[in-house]
Structure formats: C-alpha cells, structure tokens
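Peer 1: According to the numbering used here, the sequence shown is numbered sequentially starting from 9.
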Amino acid sequence: MNLYFPWYQPGAEFTSRYINPENSVRYIPSFVAPPREVAEHLLYGNPYIPWGNWLTPIVFWWIYQVVFSFFMLSTVSIFRQFWIDVEKMPFPQTAMAYEIIRMTVERDKYKRLSRPFILGLILGLVIQVPIFMALTFPWFPDIYAWRTNTCGFGSTWVTPDSPLATVVGFQLFNKWPPFAAVFYLAPLSVLTSFMLWFLVYLIVSQVAYYMGYYTGILDLPGCGRNWCGVNIPTAGDPFKWAALSNIGGLIGLTLFYIILNRRYIFSTIKTAFTKVKEVDESKEPISYRAAYLLFATSFIAITALYVTLGMSITVALLMPIIAFIAWIASLRIFGLIGFNAVTYGGYGTGFIWLMWPVRPEPPTSEWFWAMLMNRTFLTDGFGYGWPGVMTAAFSGFKLSNLTGTSNKLIFKTLVVSSIIAPLIAIIAMIWLCYSFGGMKFATFITDVNTDIVARFINPGAHENWPAAQPWIVHAIAGILIVGVLSYLHTRFLWFPMGPIGFLMATTGHTLLEGVWTMGLVAWIAKILTLRIGGSKAYEEYGVPLMSGVIAGTIVAIFMGGLIGVIRFFIPF
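Below is the structure:
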C-alpha cells in the first residue's frame with residue numbers, strides 16, 4: 009500500500025465521479041468505480057460505508073492485481089534458474105538484506121564483520137535523521153540543504169545562475185548517500201559503463217547545443233531541462249533520449265536478451281512439454297510446465313480484463329506483451345545495479361503513439377484506457393502493486409539462494425501475499441477515507457483528488473511524451489544500439505560500454521534523479537576498495553559497511569514514519 013496503489017490508482021478513477029462526472033461516466037465503467045454519491049464521501053468521510061456499492065469496483069481491481077501478479081510470478085519462475093543460479097545477478101538490495109541477516113541472526117559467527125556494519129548503521133542514522141527532522145520541523149537546522157532546490161529523491165537541481173548551468177547535460181545531482189551504498193554492490197563493469205556513457209551523454213549534448221540545438225536551455229533549471237517543452241535533450245532533436253532509451257532501449261534490452269539466451273528458453277520449453285529434460289527442475293518453485301501454463305492462463309485473463317474496459321482484442325493482447333517487455337528490461341537493470349532506470353516516468357505512453365500515430369477524435373474508451381494503463385501500471389514504477397511482485401519474486405529467490413531456503417516456500421508465500429495484499433490495500437484505503445476524510449491525507453489531495461479523465465483526453469495530452477514527434481527512427485536506433493552493445497558485451501567480456509550502463513546514463517528518470525553523482529561515488533569507492541584491499545576487503549569491510557548504511561537509513565525512516573503516524577492523531 010503506497011502512493012501509487014491503491015491511492016492514485018484506482019483512487020483517481022473513484023474521485024473522477026465527482027470531479028468530471030460527465031466524462032467519468034463516459035470512459036469509466038460502473039464496475040471500475042462506484043456512483044458519484046458514493047465516491048463523494050471519500051472527500052470528507054462518512055461513518056457509514058456502503059460496502060454493497062463498493063463491492064464490484066473492489067473485486068475488479070483485486071482481480072486485476074491478482075491476474076497480473078500471477079503473470080509476473082510465472083515469468084519469474086521461467087527465468088529464475090538462469091538469472092539466479094547461472095548468471096548470479098547480484099540484486100544489491102537483497103545482498104544487503106542478507107548481510108543484515110548475517111549481522112543479526114548469525115552474529116556470533118561473523119564477529120569480524122560487525123564493526124564495519126555498526127559503523128555503517130551509525131552513518132545511515134546520521135544521514136537520514138537530520139533529513140527527516142528538517143522536513144518535519146521548521147525549527148530544525150537544514151544541515152543537508154534538503155529544503156533548498158531539492159526533490160524528494162534527494163536531487164538538487166541546477167539553477168540557471170549556477171556555473172554548472174553552462175553544461176547542457178547537467179540537470180540534477182543526487183546527494184542522498186544510500187544510492188551510492190546500493191550502487192557499490194553492483195558489478196564494477198556496470199558502474200564503469202555507467203560513468204563512461206554519462207560522459208558521452210554530456211559531450212554529445214554539449215556538441216548538439218553548439219550546433220544550434222536546445223536554444224534557450226541555459227535559462228532553464230535542471231528539472232526544466234528534463235521536462236519543460238521539446239527543446240531539451242530528453243525530448244528534442246537530435247537525440248530525443250527518452251524515445252531512444254526509454255522506448256527503443258527498453259525494447260532492445262529485452263529483445264536481444266531473449267535472442268542471445270534463446271537456447272535456455274527453448275530448453276525450458278522442451279523440459280515443460282516433452283520427455284526431454286534439458287533443465288533440472290528439482291530446485292524450481294514450480295515445474296516449467298506449470299510456469300508456462302500459468303503464463304498462458306494469466307495472459308488470457310489479462311487480455312479479457314482489458315477487453316471489458318473497451319479495448320479491442322488486438323490492443324488488449326498488446327498490453328501484457330508491453331508489460332513483459334518493459335519489466336524484463338527493468339528487472340535486468342534492477343538486478344544488476346539496484347535502480348529502476350526504464351520503467352519509471354510512464355514513458356510507455358510511447359507504445360500508444362506507435363499504435364495510434366494520430367489521436368482519435370473524439371478520444372475513445374480504448375484510447376483512454378490504453379494511455380492510462382501505459383502511463384501508470386505498465387511503465388511507471390514498482391509501486392502500482394503487481395509490478396512490485398516481479399521485483400519481490402526475484403529478490404526473494406535471490407535471498408533463498410543465499411540462505412538455502414526452499415524456492416517452493418518462497419513461491420507459496422508470494423502467491424498468498426499477491427492474493428491477500430491488494431484486497432486489504434483497497435479496502436483499507438476506502439476505510440481510511442471514510443473514517444478520517446481523504447482531505448486529511450496529503451497523497452489524496454495531490455494525486456487522488458485529480459482529474460484523471462482530463463489528463464488523458466484533453467487536446468495535446470501526452471503528445472510529446474516520451475519525445476517530440478516524430479521519434480520512431482530514434483526508437484529504432486535505441487533498439488539497435490542496445491542490441492549491438494548486448495552482443496559486444498556478451499562476446500567480449502572486456503568491452504567496457506555495456507547496455508545497462510548506457511540506459512543508466514541516458515534514460516529520462518535517471519537523468520531527472522541525478523543518480524550519476526552517487527554512481528560516481530560508488531565507482532570510485534569500489535575501485536579504491538578493490539585496488540587497496542582486494543576482494544577480501546570488499547567482502548569483509550565494504551559490503552558490511554554499505555549494508556549498515558542502508559540498515560541505518562531504514563531504521564531512521566521507520567522512526568520518522570512512526571512519528572508521522574503519532575502526529576496525525578496527536579498534532580505537535
């Protein structure tokens with residue numbers, strides 16, 4: 009339960025009943041949101057909750073979450089062995105969780121590692137506690153300048169009067185150390201590629217500016233260089249990075265991963281549906297036959313749900329295909345460096361422009377739902393419920409690999425939680441709004457109580473997202489660039505310019521969050537660790553230290569959240 013699900017989605021569909029009643033009835037079916045007179049009580053609350061009116065929308069969104077969660081679980085079950093056992097992808101956050109387990113559950117066995125971990129724990133608290141205090145209490149000194157030109161994810165934007173503003177590619181720089189702690193556990197080759205490609209991005213952006221592109225960009229602050237207008241690196245010529253990387257690069261990473269590893273996929277299919285057992289299934293959470301059958305069944309169920317929303321069968325079939333492409337690419341990056349580079353920001357609206365080069369007039373229900381789903385659930389982050397299931401599944405199987413836990417037990421836990429959690433989340437959101445009034449919650453004011461229908465049907469909506477039209481050539485270029493980089497990186501292990509680094513350096517939200525600075529810190533720290541103390545120093549000091557930083561940050565965030573809950577009921 010978080011800002012995105014169930015608050016923004018499906019909360020915004022609920023509130024559309026009174027915000028834009030005419031268009032809400034036109035585009036949003038009765039089984040998706042309750043009548044206006046019921047939804048209005050979300051605003052200020054009501055002691056009586058008409059659960060009968062809420063039943064159908066609750067069931068619809070619950071089923072939507074469950075079938076997509078099963079789709080994600082089946083996908084993970086197919087790729088688990090290759091990603092976890094063969095490639096041994098690090099999944100940095102999971103590696104840190106394992107380190108925390110070792111420091112607590114098995115503390116006596118790893119006494120030598122406790123001091124770096126405790127030091128990191130203290131550093132995490134020193135970092136996060138002042139941030140929380142400064143944002144919560146106006147009287148607390150803003151030690152890290154978090155109130156000054158800083159976004160929620162810890163990035164400070166470059167202002168037009170800054171000396172850095174003359175560098176066109178500089179948008180924001182991140183100053184939140186936990187990012188560096190996570191990146192530190194990424195393979196050095198990925199960090200090196202990230203830094204090299206970001207340098208290339210800075211150089212070519214500057215060259216483009218001197219050639220006459222991006223006129224007026226020096227007058228824009230950092231966020232404006234990412235979002236405002238089309239005369240910017242992400243959306244404008246000559247590169248249109250958001251189309252090249254967020255659309256083309258995303259497709260290319262998944263497509264060429266499947267091509268380059270087709271033998272493994274064919275082996276799982278043979279194992280599933282023939283008597284030839286080319287892949288050992290003994291350690292798998294479910295058999296490959298069960299995984300493929302679950303994949304096919306959930307694929308059909310997802311398609312059927314989208315058809316009920318007004319999509320044609322052709323468009324409805326494309327929705328789970330887009331999800332598969334997007335989240336395989338996303339988890340490849342997340343599993344290697346611990347950051348969501350390609351499925352954040354809703355750049356997947358580009359897939360809709362590929363289906364409809366010109367928006368239908370008037371906008372159809374099919375258009376509305378295809379655009380909404382691609383801007384939210386399909387390509388806008390782990391927080392929408394089922395996308396997080398894929399992340400949790402791979403992370404869970406990685407942890408089971410480290411601890412020796414049964415994969416079958418992990419799978420059962422994921423299935424149960426995927427069924428129960430979305431139902432509880434939706435009911436809890438409705439109950440909270442009826443009990444206290446939605447206007448008491450900041451996320452309700454900023455995200456839920458907004459006109460979701462107008463956002464996608466108004467003239468000009470998302471026309472330059474991901475980039476200014478036309479951008480198909482740029483997307484094709486992105487597919488080819490990532491494809492070539494994938495082949496070269498597979499063929500020549502020494503090749504430093506890999507596809508993951510390319511996407512970390514050039515995608516829209518990585519640039520917006522300015523994570524290059526923390527990537528640079530992690531890269532330098534890891535090089536120094538390995539050159540001075542070797543792998544032994546990395547394993548005995550580096551990993552425990554960085555894991556401690558994350559543990560301390562989590563403790564501080566938990567404390568801050570607890571104080572926030574207390575302040576909600578007892579203001580002080």
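Cβ atoms here follow ideal geometry from the backbone N, Cα and C, with glycine treated the same way.
Which same chain residues end up closer than 8 Å to Asn10 when comparing Cβ atoms and leaving out the 5 residues on each side of it in sequence?
Peer 2: Here residue 10 refers to the residue found at position 2 of the sequence shown. Closer than 8 Å at the Cβ level, and outside the excluded window around Asn10, lie Gly391.
Peer 1: For Lys406, is the classification buried or exposed, using 16 other Cβ atoms within 10 angstroms of its Cβ as the cut-off for buried?
Peer 2: Counting from 1 along the sequence shown, the entry for residue 406 is found at position 398. So Lys406 ends up on the buried side.
Peer 1: Please classify Leu63 as buried or exposed, where buried requires at least 16 other C-beta atoms within 10 Å of its C-beta.
Peer 2: Stepping through the sequence shown from its first residue, residue 63 is reached at position 55. When all chains shown are included, Leu63 counts as exposed.
Peer 1: Quick one, which of Gly491, Gly522 and Gly396 has its alpha-carbon nearest Met80's?
Peer 2: Translated into the one-based positions of the sequence shown, residue 80 becomes position 72. Here the closest residue by C-alpha is Gly396.
Peer 1: List the endpoints of the continuous beta strand (DSSP E) containing Phe87.
Peer 2: Reading the sequence shown from its first residue, position 79 is the one you call residue 87. Looking at the DSSP string, Phe87 is not in any beta strand (DSSP E); the run it does join, the alpha helix (DSSP H), is Trp59 to Arg88.
Peer 1: Where does Thr174 fall in DSSP's three states?
Peer 2: Translated into positions along the sequence shown, residue 174 becomes position 166. Reduced to three states, the DSSP call for Thr174 is helix.
Peer 1: For Val315, collect the residues of the same chain with a Cβ closer than 8 Å to its Cβ; drop the 5 residues on either side in sequence, then sort them by chain order.
Peer 2: Here residue 315 refers to the residue found at position 307 of the sequence shown. Excluding sequence neighbours, Val315 sits near Ile321 and Ala324.
Peer 1: Express the C-alpha separation of Leu326 and Ala41 in angstroms, rounding to a whole number.
Peer 2: Here the question's residue 41 lines up with position 33 in the sequence shown. Here the question's residue 326 lines up with position 318 in the sequence shown. Taking the straight line joining both Cα atoms gives about 24 Å.
Peer 1: What are the start and end residues of the alpha helix (DSSP H) that includes Leu536?
Peer 2: Here the question's residue 536 lines up with position 528 in the sequence shown. Here the alpha helix (DSSP H) through Leu536 covers Trp524 to Ala545.
Peer 1: Within 10 Å of its beta-carbon, does Asp169 have 16 or more other beta-carbons around it, so buried, or fewer, so exposed?
Peer 2: In the sequence shown, counting from the first residue as 1, residue 169 sits at position 161. Result: exposed.
Peer 1: If we ignore side chains and look at the alpha-carbon of each, how far apart do Ala103 and Leu193 end up?
Peer 2: Walking along the sequence shown from the start, residue 103 turns up at place 95. Walking along the sequence shown from the start, residue 193 turns up at place 185. Rounded to the nearest angstrom, the two C-alpha atoms are 8 Å apart.
Peer 1: Check Phe385 in the structure and name its three-state DSSP category.
Peer 2: One-based indexing of the sequence shown puts residue 385 at position 377. Coil at Phe385, not helix or strand.
Peer 1: Return the Cβ separation of Val557 and Gly132 in integer angstroms, given the expectation that the two are a contact with Cβ distance under 8 Å.
Peer 2: Locating residue 557 in the sequence shown gives position 549, where the first residue counts as 1. Locating residue 132 in the sequence shown gives position 124, where the first residue counts as 1. 4 Å between Cβ atoms; contact.
Peer 1: For the alpha helix (DSSP H) that contains Ser403, what are its first and last residues?
Peer 2: Here residue 403 corresponds to residue number 395 of the sequence shown, with the count starting at 1. Note, Ser403: alpha helix (DSSP H), Trp394 to Thr411.
Peer 1: Does the distance from the CB of Gln73 to the CB of Trp335 come in under 7 Å?
Peer 2: Within the sequence shown, residue 73 is the residue found at index 65, counting from 1. Within the sequence shown, residue 335 is the residue found at index 327, counting from 1. Contact: no.
Peer 1: On the DSSP letters alone, give me the boundaries of the alpha helix (DSSP H) that Asn31 sits inside.
Peer 2: Taking the first residue of the sequence shown as position 1, residue 31 is located at position 23. Counting along the chain, the alpha helix (DSSP H) containing Asn31 begins and ends at Pro29 to Tyr35.
Peer 1: Scan the stretch 271-347 and note each continuous alpha helix (DSSP H) run of 4 residues or more that stays entirely inside, going in chain order.
Peer 2: Here the runs fully enclosed are 296-316 and 321-345.
Peer 1: Rounded C-beta distance between Leu317 and Trp377? I'm assuming under 8 Å.
Peer 2: For this step, residue 317 is matched to residue 309 along the sequence shown. For this step, residue 377 is matched to residue 369 along the sequence shown. Between Trp377 and Leu317 the Cβ distance is about 5 Å, and since that is below 8 Å, they are a contact.
Peer 1: Pairs of beta-carbons, one from the stretch 281-288 and one from the stretch 50-62, closer than 8 Å: are there three or more?
Peer 2: These segments do not touch.
Peer 1: In angstroms, rounded to a whole number, what distance separates the CA positions of Gly522 and Val456?
Peer 2: Numbered from its first residue, the sequence shown carries residue 522 at position 514. Numbered from its first residue, the sequence shown carries residue 456 at position 448. In a straight line, the C-alpha of Gly522 is about 27 Å away from that of Val456.
Peer 1: Can the beta-carbon of Leu180 be found closer than 7 Å to that of Trp165?
Peer 2: In the sequence shown, counting from the first residue as 1, residue 180 sits at position 172. In the sequence shown, counting from the first residue as 1, residue 165 sits at position 157. Cβ atoms of Leu180 and Trp165: closer than 7 Å.
Peer 1: Just the C-alpha distance for Trp147 and Pro138, rounded to the nearest angstrom, thanks.
Peer 2: Translated into the one-based positions of the sequence shown, residue 147 becomes position 139. Translated into the one-based positions of the sequence shown, residue 138 becomes position 130. Rounded to the nearest angstrom, the two C-alpha atoms are 12 Å apart.
Peer 1: By DSSP, does Phe181 sit in helix, in strand, or in coil?
Peer 2: Position 173 of the sequence shown, counted from the start, is the residue given in the question as residue 181. In this structure, Phe181 counts as strand in the three-state DSSP scheme.
Peer 1: In this structure, does DSSP put Thr451 in helix, strand or coil?
Peer 2: The count along the sequence shown starts at 1 and reaches residue 451 at position 443. Helix, per DSSP.
Peer 1: Quick check on this structure: which residue in Thr561, Pro37 and Arg34 has the alpha carbon closest to the alpha carbon of Val190?
Peer 2: The sequence position of residue 190 within the sequence shown is 182, counting from 1. Among Thr561, Pro37 and Arg34, the Cα nearest to that of Val190 belongs to Thr561.
Peer 1: Please list, in chain order, all residues of the same chain as Met447 whose beta carbon is under 8 Å from its beta carbon, the five residues on each side excluded.
Peer 2: Here residue 447 refers to the residue found at position 439 when the sequence shown is read from its first residue. Leu51, Tyr52, Ile453 and Asn457, listed in sequence order.
Peer 1: Would Trp473 and Phe206 be called neighbours here (beta carbons separated by less than 7 Å)?
Peer 2: Here residue 473 is taken as the residue at index 465 of the sequence shown, counted from 1. Here residue 206 is taken as the residue at index 198 of the sequence shown, counted from 1. Not closer than 7 Å, so no.
Peer 1: Below 8 Å on the Cβ atoms is my guess for Ser338 versus Ser77; work out the distance and round it to an integer in Å.
Peer 2: Against the sequence shown, residue 338 aligns to sequence position 330. Against the sequence shown, residue 77 aligns to sequence position 69. Going by Cβ atoms, the distance from Ser338 to Ser77 rounds to 16 Å, so no, they are not a contact pair.
Peer 1: Quick check: what's the CA-CA separation for Leu528 versus Ala105?
Peer 2: Counting from 1 along the sequence shown, the entry for residue 528 is found at position 520. Counting from 1 along the sequence shown, the entry for residue 105 is found at position 97. Each residue's Cα considered, the two are about 23 Å apart.
Peer 1: Give me, in chain order, the residues of the same chain whose beta-carbon lies closer than 7 Å to that of Met505; leave out the 5 immediate sequence neighbours on both sides.
Peer 2: Counted from its first residue, the sequence shown places residue 505 at position 497. If we look at Met505 and ignore the five residues flanking it on each side, its Cβ neighbours are Ser201, Leu204, Trp205 and Leu493.
Peer 1: Would the stretch 480-488 count as touching the stretch 239-252 if we require 3 or more Cβ pairs under 8 Å?
Peer 2: Result yes; three or more Cβ-Cβ pairs closer than 8 Å.
Peer 1: Who are the near neighbours of Ile151 in its chain, counting only those whose CB is closer than 6 Å to its CB and skipping five residues on each side?
Peer 2: For the purposes of this step, residue 151 is taken as the residue at position 143 of the sequence shown. Cβ neighbours of Ile151 beyond the five flanking positions: Pro138.
Peer 1: Return the CA-CA distance between Phe22 and Pro368, expressed in angstroms with no decimal places.
Peer 2: Against the sequence shown, residue 22 aligns to sequence position 14. Against the sequence shown, residue 368 aligns to sequence position 360. Taking the straight line from one Cα to the other gives about 25 Å.
Peer 1: Please state the DSSP three-state secondary structure of Asn606.
Peer 2: Beyond the ends of the chain as shown, which are 9 and 580, falls residue 606; an answer cannot be given.
Peer 1: Hey, Pro246 and Ser85: beta-carbon distance below 7 Å or not?
Peer 2: Reading the sequence shown from its first residue, position 238 is the one you call residue 246. Reading the sequence shown from its first residue, position 77 is the one you call residue 85. Their beta carbons are not under 7 Å apart, which means Pro246 does not touch Ser85 by this criterion.
Peer 1: So, is the C-beta of Gly343 closer than 7 Å to a C-beta in chain C?
Peer 2: Of the chains in the structure shown, none is chain C; there is only one protein chain.
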